[in-house]
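Mature numbering (1 follows the signal peptide of the UniProt record, and there is no 0) puts the sequence shown at residues -16 to -1, 1 to 354. Every residue, glycine too, gets a C-beta built ideally from N, C-alpha and C.
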Amino acid sequence: MRVLVSLLACAATASAFLLPTPTTRPASALFASTVGAKDIVDTAVDAGSFKTLATALTAAGLVETLKGPGPFTVFAPTDEAFNKLEAATLNALLADKEKLTSILTYHVVSGRVPAADVLKLTSAKTVQGGDVAVAVSSTGVKVNNANVVATDVEASNGIIHIIDSVLIPGAVAAPAAASKEVNKKSLAYREVMEAGATAPFGFFDPIGLSTGKTFKELKKWRESEVKHGRVAMLAVVGVLLQEVFAPFYNPETGSSDPGPAIFHFQELEALNPFLFVFLILGIAIVESFTISKGWESPEEMRAGGNTIAGLRDTYVAGDLEFDPLGLAPTADVDAFINQRSKELNNGRLAMIAWAGMVVQELISNSKIFS
């Protein structure tokens, strides 16, 4: 549920509510001197706890809105709040951008409404158009069925209050499905947002390359990363097998040459002069499948108002639906994301390993395990 978490948990590092509880923490301890100096989006980014925020806001189309003059009041669920929703419900919501936007704006109220004013309300009109109920009691404050756990995180264009449950308007509430059958559009989004974002690095983007990028742009990057990772894994295995078990045959000397693999490309061509032609042809065939399954047609491109074709929303990066051994867990979204995370992380390691092998052999002029 990274999309919802990123927008509405943009302040889940927050401040104290007017009605103290044992877990209350002051905003100053969490946001230091930056409280109120930046807009709602930047305040969340500076908190450092929600790395997918910028990507999620872009995917929802609400970045400019929440960076605008406002003012806005945001009721932001915590990470734990989203964990209360069933996986099938999350998947159904993620699959429909219109519903997603409706849910996100249901957490936003126009104007600056501090906690002192919230206590005076019985309901509040949201940007989505629906009303949220406000109930004050001796134990605290509720917005619909969510408890307000912290308040008054100041931003330059509004205020953020923290709640412990997600607010879902009745018009878009998605019933929990009995089956966890993969929804391709939902899966495509989660694959880009979540796959590979595992310990110890999490969502690893130290120089902010993903900041401000659209979902389609990020999906193109993921497509490239998956393919390069797969090629790198094959390359690493090939180099090790060749150097350890089957050194190339040298047609000039009539014997096997156990030297570094990177110096034997010409021998491949000597063994079969059309080898590289066949290799290029094979790559072209694979890419033709990608184009037919994943890329928008000219009609789809024009319908979306795009001048350059992009990957379809329902296309999962790198998935050509070729699985003769049935290894992909097609009936469980979480299992699929976990498998893709393993593939991505192994592919990343393989790309680094291959680069290291090339550098080592160039410098030392010897095999990897010489």
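{"query": "Close beta carbons around R332, own chain, < 7 angstroms, minus the five adjacent residues each side", "result": "G213"}
{"query": "Separation of D307 from T298, as counted between CA atoms", "result": "18 angstroms"}
{"query": "Backbone CA spacing between R96 and G124 [nearest angstrom]", "result": "21 angstroms"}
{"query": "Residue 355 in three-state terms, based on DSSP", "result": "In the structure displayed, the chain extends from -16 to 354; residue 355 sits before or after that span and is not available."}
{"query": "Cα-Cα separation, L202 to S121", "result": "45 angstroms"}
{"query": "Beta-carbon gap between W338 and A139 smaller than 9 angstroms", "result": "no"}
{"query": "Span separating the alpha-carbon of D115 from that of L69", "result": "21 angstroms"}
{"query": "CB of V133 within 9 angstroms of CB of I147, strictly", "result": "yes"}
{"query": "Distance between F66 and L103 (C-alpha atoms, nearest Å)", "result": "25 angstroms"}
{"query": "Residue closest to K109, alpha-carbon to alpha-carbon, out of V92, D101, P98", "result": "V92"}
{"query": "Contact under 9 angstroms by Cβ, T274 with E209", "result": "no"}
{"query": "Closest residue to V228 among F59, T89, F353, G192 (Cα-Cα distance)", "result": "F353"}
{"query": "Whole-number beta carbon distance between A301 and V220, since they are thought to touch under 8 angstroms", "result": "Contact doesn't hold; Cβ gap of about 21 angstroms is too wide."}
{"query": "Backbone secondary structure at G114 - three-state DSSP", "result": "coil"}
{"query": "A319 in three-state terms, based on DSSP", "result": "helix"}
{"query": "Short Cβ contact (9 angstroms threshold) for V270 with L304", "result": "yes"}
{"query": "Closest Cα partner of S107 within the set K81, L88, Y90, V127", "result": "V127"}
{"query": "Outcome for S149 when other beta-carbon atoms lying within 10 angstroms are tallied against a minimum of 16", "result": "buried"}
{"query": "Distance, N131 Cα to I87 Cα", "result": "18 angstroms"}
{"query": "Among S276, G310, L259, the one whose alpha carbon lies nearest that of R296", "result": "S276"}
{"query": "DSSP beta-bridge partners of F273", "result": "The partner list for F273 (beta bridge, DSSP) is empty, contrary to what the question assumes."}
{"query": "Per-residue burial, V343 [other beta carbons within 10 Å of its own, 16 or more giving buried]", "result": "exposed"}
{"query": "Cβ neighbour criterion (16 or more within 10 Å) applied to A60", "result": "buried"}
{"query": "Spatial neighbours of A118 in its chain, beta-carbon cut-off 8 angstroms, leaving aside the 5 residues before and after", "result": "One point to set straight first is that residue 118 is Val, not Ala, in the sequence displayed. Once the five neighbours on either side are set aside, the close Cβ partners of V118 are V102, L105, T106, S107, A108, V125, K126, V127."}
{"query": "Burial state of P257 (16 or more Cβ within 10 Å)", "result": "exposed"}
{"query": "Per-residue burial, D318 [other beta carbons within 10 Å of its own, 16 or more giving buried]", "result": "exposed"}
{"query": "Inter-residue spacing [alpha-carbon to alpha-carbon] between V223 and K211", "result": "18 angstroms"}
{"query": "First and last residue of the uninterrupted alpha helix (DSSP H) at F199", "result": "199 to 228"}
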